[in-house]
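Asks:
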Amino acid sequence: DAGVIQSPRHEVTEMGQEVTLRCKPISGHDYLFWYRQTMMRGLELLIYFNNNVPIDDSGMPEDRFSAKMPNASFSTLKIQPSEPRDSAVYFCASSLGQGARAFFGQGTRLTVV
Amino acid sequence: GIQVEQSPPDLILQEGANSTLRCNFSDSVNNLQWFHQNPWGQLINLFYIPSGTKQNGRLSATTVATERYSLLYISSSQTTDSGVYFCAVEHRATDSWGKLQFGAGTQVVVTP
Numbered sequence: 508d509a510g511v512i513q514s515p516r517h518e519v520t521e522m523g524q525e526v527t528l529r530c531k532p533i534s535g536h537d538y539l540f541w542y543r544q545t546m547m548r549g550l551e552l553l554i555y556f557n558n559n560v561p562i563d564d565s566g567m568p569e570d571r572f573s574a575k576m577p578n579a580s581f582s583t584l585k586i587q588p589s590e591p592r593d594s595a596v597y598f599c600a601s602s603l604g605q606g607a608r609a610f611f612g613q614g615t616r617l618t619v620v
Numbered sequence: 750g751i752q753v754e755q756s757p758p759d760l761i762l763q764e765g766a767n768s769t770l771r772c773n774f775s776d777s778v779n780n781l782q783w784f785h786q787n788p789w790g791q792l793i794n795l796f797y798i799p800s801g802t803k804q805n806g807r808l809s810a811t812t813v814a815t816e817r818y819s820l821l822y823i824s825s826s827q828t829t830d831s832g833v834y835f836c837a838v839e840h841r842a843t844d845s846w847g848k849l850q851f852g853a854g855t856q857v858v859v860t861p
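Heads up: the sequence lines are chains A and B, in that order. Our numbering numbers the first residue of the first sequence as 508 and each following residue consecutively. Our numbering numbers the first residue of the second sequence as 750 and each following residue consecutively.
Here you go:
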């Protein structure tokens with residue numbers, strides 16, 4: 508299996524622009540997670556889905572962030588408008604079953620200038 | 750919420766040395782996982798270990814859930830073991846099911 512695939516690997520954008528991050532989970536996995544990693548806050552969960560349905564989005568920092576999972580093999584995390592403080596590494600992870608072993612993608616390093 | 754504390758925060762090892770990393774958590778958990786983030790930023794799942802002991806090559810882990818801690822052992826360390834080791838737990842509280850809470854990590858540097 509190819510593992511969790513994220514794109515792009517790096518993204519540099521100007522403040523105010525829309526950013527879309529993409530994730531393909533491991534085939535057959537029914538849970539998908541979006542995490543953000545910063546030096547100040549470490550790894551924090553933004554939102555997670557079960558069977559394509561958002562279950563908990565309490566970690567989404569504000570309304571500028573939105574996430575969708577239109578099917579079992581694809582999810583997006585969108586930031587609109589982006590701000591410099593959104594600069595971070597964004598990880599997608601998936602697992603088979605609740606509380607099961609989680610596998611992470613390689614991350615997207617986002618820089619907002 | 751649950752607190753996850755890892756120690757030590759930083760560790761420098763000479764190649765071939767052994768070491769123990771610790772993860773303490775403040776409440777009951779459904780599961781616990783150890784991850785290694787390599788210098789390129791990739792997060793690798795090392796162990797899924799809600800209780801008991803597991804071994805994977807030169808690495809092993811032990812979780813004592815009743816005493817709320819887990820240990821990760823690195824034996825005969827190699828330079829490729831460098832990186833940050835994270836402990837992550839799923840709090841047993843019902844509003845935390847499915848969520849992994851990460852500790853701050855232990856930064857390990859293995860020198861030749």
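Every residue, glycine too, gets a C-beta built ideally from N, C-alpha and C.
1) Between the C-alpha atoms of B/Ile823 and A/Met522, what's the straight-line distance to the nearest angstrom?
2) At the 8 Å Cβ level, is A/Gly606 part of the contact set with chain B, yes or no?
3) Can you find a CB in chain A that lies within less than 8 Å of the CB of B/Gly750?
4) How about B/Glu839: is its C-beta nearer than 8 Å to some C-beta of chain A?
5) State buried or exposed for B/Val813, treating a residue as buried only when at least 16 other CB atoms are found within 10 Å of its CB.
6) Taking DSSP's pairing of strands, which residues face B/Asn805 in a bridge?
7) Please classify B/Asn787 as buried or exposed, where buried requires at least 16 other C-beta atoms within 10 Å of its C-beta.
8) For B/Leu781, tell me which candidate among B/Glu754, B/Gly790, B/Ala766, B/Gly765 has the shortest Cα-Cα distance.
9) So, at 8 Å on beta carbons, what are the nonlocal neighbours of B/Glu764 in its own chain, with the 5 sequence-adjacent residues on each side left out?
10) Does B/Leu808 have its Cβ less than 8 Å from a Cβ in chain A?
11) Am I right that B/Asn779 and A/Gly606 are in contact with their C-beta atoms under 8 Å? What's the rounded C-beta distance?
12) Determine the direct distance from the alpha carbon of B/Val838 to that of B/Phe728, and round the result to whole angstroms.
13) Please report how far the alpha carbon of A/Ser594 lies from the alpha carbon of A/Arg571, in whole angstroms.
14) Tell me which residues of the stretch 540–556 of chain A have at least one Cβ-Cβ distance to chain B shorter than 9 Å, keeping chain order.
15) Does DSSP put A/Thr577 in a helix, in a strand, or in coil?
16) Quick check on this structure: which residue in A/Leu552, A/Pro588, A/Gln544, A/Val511 has the alpha carbon closest to the alpha carbon of A/Ser534?
17) Since A/Asp563 sits in a beta bridge, which residues does DSSP pair it with?
18) Kindly list the residues whose CB is nearer than 7 Å to the CB of B/Cys772, restricted to its own chain and excluding five residues on each side of it in sequence; keep chain order.
19) Rounded to whole angstroms, what's the CA-CA distance from B/Ile751 to A/Arg548? Just pull it up for me.
20) Beta-carbon of B/Ala814 versus every beta-carbon of chain A: anything under 8 Å?
Replies: Straight from the coordinates:
1) C-alpha separation (whole angstroms): 43 Å.
2) Interface annotation, A/Gly606: in contact with chain B, CB-CB separation under 8 Å.
3) Output row for B/Gly750: interface = no.
4) The beta carbon of B/Glu839 falls within 8 Å of a beta carbon belonging to chain A, placing the residue at that interface.
5) With fewer than 16 other Cβ atoms within 10 Å, it is exposed.
6) In the DSSP secondary-structure assignment, B/Asn805 is bridged to B/Leu808.
7) Per the 10 Å Cβ criterion, exposed.
8) For B/Leu781, the closest C-alpha among the options B/Glu754, B/Gly790, B/Ala766, B/Gly765 is that of B/Glu754.
9) Cβ within range, chain order: Ser826, Gln827, Thr828, Val859, Thr860, Pro861.
10) Put simply, the CB of B/Leu808 is far from chain A, with every gap to its CB atoms at 8 Å or more.
11) Yes, B/Asn779 and A/Gly606 are in contact; Cβ-Cβ is about 5 Å, under 8 Å.
12) Because chain B is modelled from 750 through 861, residue 728 of chain B falls outside the range shown and cannot be assessed.
13) Distance from the CA atom of A/Ser594 to the CA atom of A/Arg571, rounded to whole angstroms, is 14 Å.
14) Closer than 9 Å at the C-beta level to chain B, one finds these residues of the stretch 540–556 of chain A: Phe540, Tyr542, Gln544, Gly549, Leu550, Glu551, Leu552, Tyr555.
15) The displayed chain sequence assigns Pro, not Thr, to residue 577 of chain A. Note: A/Pro577 maps to strand in three-state DSSP.
16) The candidate whose alpha carbon is nearest that of A/Ser534 is A/Val511.
17) DSSP lists A/Tyr555 as partners of A/Asp563.
18) These residues qualify, in order along the chain: Val753, Gln755, Tyr818, Ser819, Cys836, Gly852.
19) Between B/Ile751 and A/Arg548, the C-alpha separation is close to 15 Å.
20) Not one chain A Cβ lies under 8 Å of B/Ala814.
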